[in-house]
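Peer 1:
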Amino acid sequence: MSETSARPLLVDCARQQVRVIGALILRELHTRFGRRRFGYLWLFFEPLLLGGMIAVIHGSGLRGGSGIRGTFEFFSIGYVLFFAFRGMINRASSTISSNRGLLYHRQVTLPDLFFARHIIEGVACTGVMTIFTIIAVGLGSAFPDSPMKMLCALGLMVLLAQGVALVVGAVTSEWEVVERFVHAMSYLMLPFSGLFFMVEWLPGWMQDIVVWIPTVHIFELLRDGQFGDRYRATYDLSYVAGWILIPHLLGLTGLRLARQRIGLE
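Numbering-wise, the UniProt record's numbering puts 188 at position 188 of the sequence shown, and it's gapless, one number per residue.
1) Three or more C-beta pairs closer than 8 Å, one from the stretch 137-145 and one from the stretch 46-53: is that the case here?
2) For D112 and W205, what's the separation of their Cα atoms in angstroms?
3) Compare the C-alpha of F72 against each of F45, T133, W42 and R19 and name the closest.
4) Under 8 Å: do the stretch 245-260 and the stretch 175-190 share three or more Cβ pairs, one atom per stretch?
5) Exposed or buried, what is I218 when buried is set at 16 or more other beta-carbons lying within 10 Å of its beta-carbon?
6) Output yes or no for whether 8 Å exceeds the beta carbon distance between I96 and G169.
7) Identify the continuous alpha helix (DSSP H) that holds E73 and give its terminal residues.
8) Could you check what DSSP says for V164 in three-state terms: helix, strand or coil?
9) Near Y40, which residues of its chain fall below 8 Å by C-beta distance, leaving aside the five closest residues on each side in sequence?
10) Would you kindly work out how many angstroms separate the C-alpha atoms of residue 295 and Y235, rounded to a whole number?
11) Is F114 closer than 8 Å to L166 when the C-beta atoms are compared?
12) Quick one: is H105 buried, meaning 16 or more other Cβ sit within 10 Å of its Cβ, or exposed?
13) Under 8 Å Cβ to Cβ from I120, same chain only, skipping five residues before and after it: list those, please.
14) Could you compute how far the alpha carbon of V80 sits from the alpha carbon of C125?
15) Mapping the DSSP letters down to three states, classify E174 as helix, strand or coil.
16) Can you tell me whether W212 is helix, strand or coil according to DSSP?
17) Can you tell me which of V171, F74 and C13 puts its alpha carbon nearest to the alpha carbon of R223?
18) Looking at the structure shown, is A241 part of a helix, part of a strand, or coil, going by DSSP?
19) Terminal residues of the continuous alpha helix (DSSP H) containing P111?
20) Helix or strand or just coil, what does DSSP make of A258?
21) Rank S94, Y231 and L156 by C-alpha distance to the C-alpha of E179 and give the top, closest one.
22) Is there a C-beta anywhere in chain C that falls below 8 Å from the one on Q16?
23) Under the assumption that M129 contacts I57 (Cβ atoms under 8 Å), give the Cβ distance between them as a whole number of angstroms.
24) Does DSSP put H30 in a helix, in a strand, or in coil?
25) Is A224 helix, strand or coil by DSSP?
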């Protein structure tokens, strides 16, 4: 009897949290882009513009190369993943402070604030990835070998960034100075993230180093979905899963402590 009565309660709680996150998504959209519908276009236009510029700059500089080193889709779609990663981490430090007033509503939890922002970033980057893929095919490139692997790579990057963002949000709620360090590191990791290279292009000693970077595995999965067997992709999804799980556990624990510290419970 108690088991059957507990099931609707769990469903009701889940529905309530979905409604809360949906409301937070609408609030975040209105706050960032205003209430005019054309303002929402910037959500897609910003990564589209930056990814296109990266592809043009680096692709034109590598025209003498062979294979995929100088292709439009290699840099444009790759930058979409890094844009999601950098954006989610850089905005993490302001998530609690800019939404502090909402925490007086007991239905709103600290993780909900992060989840709402991350859903927005994930949807936007999925749309931009689709647009870049269509453009690349229109320019004469081959259709992706496995679009599902590409979507999985984007999903893993969002989850990885979410875990790190939860940790950053918890830490910066106590020490605001960490925010400057986080912003700097998000730019410094650009050349090492795997955006501009594949593991097989590097010398053996360098390959042994870069495989310790989790984003490299995600980019390798992306290129496996884009180009298939034309190039040897090197990735370990269990290693990426560990990097996703541990920051989530640390971040959620840190946010729980932060909620108690700010005295709104």
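No residue lacks a Cβ here, since even glycine has one placed at the ideal position from N, Cα and C.
Peer 2: Looking at the atomic coordinates:
1) no
2) 42 Å
3) T133
4) no
5) buried
6) yes
7) F72 to A92
8) helix
9) L29 and F33
10) A query on residue 295 cannot be resolved here, the shown segment of the chain reaching from 1 to 265 and no further.
11) yes
12) exposed
13) I25, E28, L29 and L43
14) 6 Å
15) coil
16) coil
17) F74
18) helix
19) L110 to G138
20) helix
21) S94
22) In summary, chain C is missing from the structure at hand, where a single protein chain is found.
23) Contact flag wrong, Cβ pair sits at about 19 Å.
24) helix
25) Before going on, a small fix: residue 224 reads as Asp here, not Ala. Residue state, collapsed to three classes: helix.
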